[in-house]
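Residue numbers (the working numbering), protein chains in the order written: chain A, -11 to 133; chain B, 11 to 239.
Glycine is no exception: its CB is placed at the ideal position from the N, C-alpha and C atoms.
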């Protein structure tokens, strides 16, 4: 089970879907949801400079296009990986399946790409199985279709 | 894991039995029953109940999300159709404007054509007039030419007549003088007398003939002038 998860997605309904799916699949007990990449950046900046480190999530799911934010999900991943160095497991969860964006996500340090759909549970379950690899930084980038 | 004291457990169990109210959420997954079978059953049932609720909520949320997605798609489609309609309307308005411009241009062209027709008609009338004037000028020139020719002819005829009359007069006078001299000089005038008579008669005849010819020619010329327009 993942200790804590942070979801960054502008769609409130998906927060509910994700929370229920994670609970039913026993993926995590602690889930925090944010609607903008700016809020997420603020939190990571705080954890990086002031701490406490324990408050930071173990895994972060970021939507690709976050409406109402200053920058998109790939930029958020880049900032978390290269500016705030929190060493979290991080990836994209989006309905998009564009290879160009996926290549950009890899460059930013994303470890996975989960494609959103009505049937999200099987993908999350598969992700849970691969999670240890992501945590140990041994699993390659993977797209969950 | 969290351990709960006996009093709290009993209260939770009592609440569940009497009012069917139980704990919900992930907190259930971190509570340690600590060997209490009844409380363990309570925790399991509560977790199942929570899962059922979450499953139902997940289904409903997915349905709502799906409808939302459909609505967004419909909205996008509506926007697309609206844009197409707007574009078609703009194109129709542009076509209408173009048609009005073309109509105005056609009307102007028609006016120009009518003006050109009137101008052409005027030009034709002027050309007709010019042709008529040219014909008149030509006729006048022809008449002048004929007049000049006649004048020349008359002058020539007049000169001829003059010369002829002078010749006749000269011959008549000379013959008369010779005859008179012969009479007064006492020469034989038989031959010269008859010759003088003959010459005089010939001269008179010729003179009348010339005058008659001239009169005839003048009459013919007058008749010809009257016949011409």
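Inset, instruction - Ignore the nearest five residues each way along the sequence and tell me which others in residue 166 of chain B's own chain have a CB closer than 8 angstroms to its CB. - result: For the purposes of this step, residue 166 of chain B is taken as residue 156 along the second chain, with counting starting at 1. So no residue of the chain qualifies.
Legend entry - Residues of its chain near residue 90 of chain A, where Cβ-Cβ distance is below 6 angstroms and the 5 sequence neighbours each way are ignored: On the first chain, residue 90 of chain A is found 102 positions in, with the first residue counted as 1. Within its own chain, the residues whose Cβ lies closer than 6 angstroms to the Cβ of residue 90 of chain A, once the five positions on either side in sequence are excluded, are 101, listed in chain order.
Legend entry - Limits of the unbroken beta strand (DSSP E) element including residue 82 of chain A: The sequence position of residue 82 of chain A within the first chain is 94, counting from 1. It spans 77 to 82 - the beta strand (DSSP E) in which residue 82 of chain A sits, taken as one unbroken run.
Legend entry - Contacting positions in the segment 8 to 41 of chain A - beta carbon closer than 7 angstroms to chain B: 8, 9, 11, 12 and 17
Legend entry - Identified DSSP bridge partners for residue 130 of chain A: Here residue 130 of chain A corresponds to residue number 142 of the first chain, with the count starting at 1. According to DSSP, which records beta bridges pairwise, residue 130 of chain A is partnered with A:100.
Inset, instruction - Could you name the residues that DSSP lists as bridge partners for residue 42 of chain B? - result: As a working mapping, residue 42 of chain B is identified with position 32 in the second chain. Its beta-bridge partners are B:13.
Legend entry - Residues sharing a beta bridge with residue 20 of chain A, DSSP: Position 32 of the first chain holds residue 20 of chain A. Looking at the DSSP assignment, residue 20 of chain A forms a beta bridge with A:-6.
Inset, instruction - Please classify residue 194 of chain B: does DSSP put it in a helix, a strand, or coil? - result: The residue you call residue 194 of chain B lines up with position 184 of the second chain. Of the three classes helix, strand and coil, the one that applies to residue 194 of chain B here is helix, per DSSP.
Inset, instruction - Could you name the residues of the segment 52 to 86 of chain B whose beta carbon sits closer than 7 angstroms to any beta carbon of chain A, in the order they occur along the chain? - result: 61, 64, 65, 67, 68, 71, 72, 74, 75, 76 and 78
Inset, instruction - State the Cα-Cα distance for the pair residue 14 of chain B and residue 8 of chain A, rounded to the nearest angstrom. - result: Stepping through the second chain from its first residue, residue 14 of chain B is reached at position 4. Stepping through the first chain from its first residue, residue 8 of chain A is reached at position 20. Rounded to the nearest angstrom, the two C-alpha atoms are 26 angstroms apart.
Inset, instruction - Quick one: residues in its chain with C-beta nearer than 7 angstroms to the C-beta of residue 220 of chain B, no 5 flanking neighbours on either side, listed in chain order? - result: Residue 220 of chain B sits at position 210 when you count from the first residue of the second chain. Closer than 7 angstroms at Cβ, skipping near neighbours: 171 and 174.
Inset, instruction - Check the Cβ-Cβ distances between residue 70 of chain A and every residue of chain B, and say whether any is below 8 angstroms. - result: Translated into positions along the first chain, residue 70 of chain A becomes position 82. Taking Cβ atoms only, chain B never reaches closer than 8 angstroms to residue 70 of chain A, which makes this a no.
Legend entry - Outcome for residue 111 of chain A when other beta-carbon atoms lying within 10 angstroms are tallied against a minimum of 16: What you label residue 111 of chain A is simply residue 123 of the first chain in a count that begins at 1. The residue is buried, with at least 16 neighbouring Cβ atoms inside 10 Å.
Inset, instruction - Since I believe residue 106 of chain A is in contact with residue 66 of chain B (beta carbons under 8 angstroms), could you give me their beta-carbon distance rounded to a whole number of angstroms? - result: The residue labelled residue 66 of chain B in the question sits at position 56 within the second chain. The residue labelled residue 106 of chain A in the question sits at position 118 within the first chain. With 8 angstroms as the limit, residue 66 of chain B and residue 106 of chain A do not qualify as a contact, their Cβ atoms being about 16 angstroms apart.
Legend entry - Alpha-carbon to alpha-carbon, residue 92 of chain A and residue 85 of chain A: Position 97 of the first chain holds residue 85 of chain A. Position 104 of the first chain holds residue 92 of chain A. The alpha-carbon atoms of residue 85 of chain A and residue 92 of chain A are separated by roughly 12 angstroms.
Legend entry - Straight-line Cα distance separating residue 53 of chain A from residue 77 of chain B: By one-based count along the second chain, residue 77 of chain B stands at place 67. By one-based count along the first chain, residue 53 of chain A stands at place 65. Those two C-alpha atoms are separated by around 20 angstroms.
Legend entry - Residues bridged to residue 246 of chain B [DSSP beta-bridge criterion]: Residue 246 of chain B lies beyond the residue range present for chain B, which begins at 11 and ends at 239; the question has no answer from this structure.
Legend entry - Whether residue 4 of chain A touches residue 19 of chain A by CB criterion (8 angstroms): Residue mapping note: residue 4 of chain A aligns to position 16 of the first chain, counting from 1. Residue mapping note: residue 19 of chain A aligns to position 31 of the first chain, counting from 1. Taking 8 angstroms as the Cβ cut-off, residue 4 of chain A and residue 19 of chain A do not qualify as a contacting pair.
Legend entry - Where the alpha helix (DSSP H) containing residue 32 of chain A begins and where it ends: As a working note, residue 32 of chain A is residue 44 in the first chain. From DSSP, the alpha helix (DSSP H) with residue 32 of chain A extends over 25 to 37.
Legend entry - Amino acids of chain B, ordered along the chain, whose beta-carbon sits closer than 8 angstroms to that of residue 5 of chain A: Along the first chain, one-based indexing puts residue 5 of chain A at 17. In chain order: 68, 71, 72 and 75.
Legend entry - Nearest-angstrom Cα separation, counted from residue 196 of chain B out to residue 206 of chain B: Residue 206 of chain B sits at position 196 when you count from the first residue of the second chain. Residue 196 of chain B sits at position 186 when you count from the first residue of the second chain. The alpha-carbon atoms of residue 206 of chain B and residue 196 of chain B are separated by roughly 16 angstroms.
Inset, instruction - Could you check which residue in A:38, A:126, A:26 and A:-3 has the C-alpha nearest to that of residue 67 of chain A? - result: For the purposes of this step, residue 67 of chain A is taken as the residue at position 79 of the first chain. Comparing Cα-Cα distances from residue 67 of chain A to each of A:38, A:126, A:26 and A:-3, the minimum goes to A:26.
Inset, instruction - Along the alpha helix (DSSP H) that carries residue 5 of chain A, what are the first and last residues, could you check? - result: Here residue 5 of chain A corresponds to residue number 17 of the first chain, with the count starting at 1. First-last of the alpha helix (DSSP H) with residue 5 of chain A: 0 to 12.
Inset, instruction - Have a look at residue 75 of chain B and residue 103 of chain A and give me their C-alpha separation to the nearest angstrom. - result: As a position in the second chain, residue 75 of chain B is number 65, starting the count at 1. As a position in the first chain, residue 103 of chain A is number 115, starting the count at 1. Distance between the alpha carbons of residue 75 of chain B and residue 103 of chain A: 15 angstroms.
Legend entry - Close-in-space but distant-in-sequence residues of the same chain around residue 136 of chain A (CB under 8 angstroms, 5 per side omitted): Here chain A covers residues -11 to 133 and nothing more, so residue 136 of chain A does not appear.
Legend entry - Contact set for residue 55 of chain A: own chain, Cβ-Cβ below 6 angstroms, skip 5 residues either direction: What you label residue 55 of chain A is simply residue 67 of the first chain in a count that begins at 1. Closer than 6 angstroms at Cβ, skipping near neighbours: -2.
Legend entry - Cα-Cα separation between residue 133 of chain B and residue 143 of chain B, rounded to whole angstroms: To locate residue 133 of chain B, count along the second chain from 1; it is residue 123. To locate residue 143 of chain B, count along the second chain from 1; it is residue 133. Near 15 angstroms, if we compare the C-alpha coordinates of residue 143 of chain B and residue 133 of chain B.
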